[in-house]
Amino acid sequence: MINDKKVLFSAMQSTGTLTLGNYLGALKNWVNLSDDYECFYSIADMHSITVRQDPATLRKRARALLILYIAAGIDPQKNCLYYQSQVSGHAELAWILNCFTYMGEMSRMTQFKDKSAKHADNINVGLFTYPVLMAADILLYQTDVVPVGIDQMQHLEICRDIAMRFNNVYGDVFTIPEAYIGKAGAKIMSLQDPVKKMSKSDDNPNGSIYLMDDPDTIIRKCKKAVTDSEGCVLYRDEQPGVKNLIDIYRSCNDLTVEQVVKEFDGKGYGDFKMAVGESVVSVLKPLQDRVAELEKDKAYIDGIIKENTEKATYFANKTLRKVQRKVGFPDRIR
Ligand code: TYM
1 MINDKKVLFS
11 AMQSTGTLTL
21 GNYLGALKNW
31 VNLSDDYECF
41 YSIADMHSIT
51 VRQDPATLRK
61 RARALLILYI
71 AAGIDPQKNC
81 LYYQSQVSGH
91 AELAWILNCF
101 TYMGEMSRMT
111 QFKDKSAKHA
121 DNINVGLFTY
131 PVLMAADILL
141 YQTDVVPVGI
151 DQMQHLEICR
161 DIAMRFNNVY
171 GDVFTIPEAY
181 IGKAGAKIMS
191 LQDPVKKMSK
201 SDDNPNGSIY
211 LMDDPDTIIR
221 KCKKAVTDSE
231 GCVLYRDEQP
241 GVKNLIDIYR
251 SCNDLTVEQV
261 VKEFDGKGYG
271 DFKMAVGESV
281 VSVLKPLQDR
291 VAELEKDKAY
301 IDGIIKENTE
311 KATYFANKTL
321 RKVQRKVGFP
331 DRIR
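For the sequence shown, the residue numbers in my numbering are 1 to 334.
See below:
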């Protein structure tokens with residue numbers, strides 16, 4: 001608990017171009033949680049280098065992501081927004097947790113299997129222990145709740161296992177975190193292959209709507225979305241393309257599945273896709289305008305980064321010192 005509130009932590013990688021999946025599955029759900037929780041939202045730039053990055057681009061993207069957090073409505077006075085690489089406790093705790101994690105556990109991770117298949121020429125140890133760094137991110141703040149999309153559930157499970165294992169040896173050191181999955185948008189699928197998740201690393205750009213896509217591109221991608229020959233807007237597994245578009249539409253408009261199905265009863269896919277495209281534009285356009293505005297205010301953004309990094313460091317070090325003491329590292333001489 002911090003200030004009598006439960007602690008909430010989440011993060012996004014500053015890799016690639018963020019998609020509508022990242023927004024509806026994660027970012028959108030983060031807004032306003034600070035009313036009930038003490039929130040930490042990190043930019044996971046250390047996770048990003050598990051695949052090769054161009055340094056200048058990575059730096060630019062990290063800042064763009066921080067701006068995007070604020071543009072999405074996450075108030076930097078009430079939420080702690082910072083770069084993972086600037087709070088050294090993440091790396092230090094990750095090392096300790098590495099020593100409490102088994103090779104077998106890591107090699108079972110779906111994301112590791114996917115990414116090592118995709119980057120066969122660079123299966124580095126960082127990629128392998130990626131979930132341990134993620135566990136360190138979460139445990140460092142004594143986090144109660146972690147809002148993520150469904151694709152991150154396996155990593156959260158392993159984080160819980162590591163924390164319980166550590167607690168079994170050393171007593172109640174870590175809070176055991178719970179996942180927090182949003183109602184709609186928990187898994188937005190590719191528009192071109194709706195059995196695959198919408199992903200920043202998709203080779204087909206028509207499969208993903210990027211948060212910075214202009215309105216014409218968004219509408220075009222929605223119109224091109226793969227559906228089926230059933231011709232009715234119903235929420236069923238047999239119609240994965242339509243189901244995904246319903247999820248996007250209801251998430252953008254805060255509606256239930258029933259409301260969407262009723263609204264499009266008797267209407268064709270053409271009308272439906274157009275409505276989906278327009279809804280996405282109505283959500284992303286204001287976000288893009290706000291990003292453009294914030295980008296101009298360098299001093300304001302720099303001030304936020306400085307203040308929030310100090311805050312994150314303070315809380316991170318509290319846990320880290322405790323853990324270091326438990327495992328037997330020497331006390332610091334003041
Ligand atoms: P990342 O950067 O891949 O994704 C960020 C968030 O977006 C969600 N998401 C989706 N949700 C719905 N539909 C989709 N198609 C979709 N694609 C992505 C993800 O579930 C995630 O919530 N390892 C993490 C970042 C991370 C982290 C952490 C998260 C680092 N440390 C600690 C939570 C706690 C990642 O790569 O997310």
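Glycine residues also receive a C-beta, built at the ideal position from the N, C-alpha and C atoms.
Only a predicted model underlies this, so the values are computations on that prediction, with no experimental measurement involved.
Practice prompt. In angstroms with no decimal places, state the Cα-to-Cα distance between tyrosine 314 and tyrosine 300.
Written response: 22 Å
Discussion item. Pop quiz: methionine 109 and proline 131 are said to be a contact at Cβ under 8 Å. What is the actual Cβ separation, rounded to whole angstroms?
Written reply: 6 Å
Worksheet entry | Alpha-carbon to alpha-carbon, threonine 50 and leucine 127 | 5 Å
Discussion item. Under DSSP, the alpha helix (DSSP H) around proline 177 begins and ends at which residues?
Written reply: Element bounds for proline 177: n/a, residue is neither H nor E.
Discussion item. Report the start-end ranges of each alpha helix (DSSP H) in the region 25-62 that is 4 residues or longer and not cut off at the edges.
Written reply: 45-48
Discussion item. Considering only heavy atoms of the ligand TYM, does any lie closer than 7 Å to the CB of serine 199?
Written reply: yes
Practice prompt. Following the continuous beta strand (DSSP E) through phenylalanine 9, name the residue where it begins and the one where it ends.
Written response: 6-12
Worksheet item: Given valine 323, which residues of its chain have a CB within under 7 Å of its CB, disregarding the five upstream and five downstream residues?
Response: Leu93, Ile96, Val173
Worksheet item: What residue does the alpha helix (DSSP H) around leucine 284 start on, and which one ends it?
Response: 269-295
Fill in: Rounded distance between the beta-carbons of isoleucine 209 and threonine 19, thought under 8 Å
6 Å
Discussion item. Tell me the residue span of the alpha helix (DSSP H) that contains valine 257.
Written reply: 257-263
Item to complete: Go to cysteine 80, then tell me how far its beta strand (DSSP E) extends in each direction, as first and last residue.
Response: 79-83
Worksheet item: Cα-Cα, which of Ser279, Lys196, Asp216, Ile188 is closest to tyrosine 23?
Response: Ile188
Practice prompt. Consider the C-beta atom of alanine 225 and the heavy atoms of the ligand TYM; say whether any pair is separated by less than 7 Å.
Written response: no
Worksheet item: Which partner residues of methionine 189 appear in the DSSP bridge assignment?
Response: Lys197
Worksheet item: Per DSSP, what kind of secondary structure is isoleucine 209 in: helix, strand or coil?
Response: coil
Discussion item. Given 7 Å as the limit, tell me if glycine 21 has its C-beta closer than that to any heavy atom belonging to the ligand TYM.
Written reply: yes
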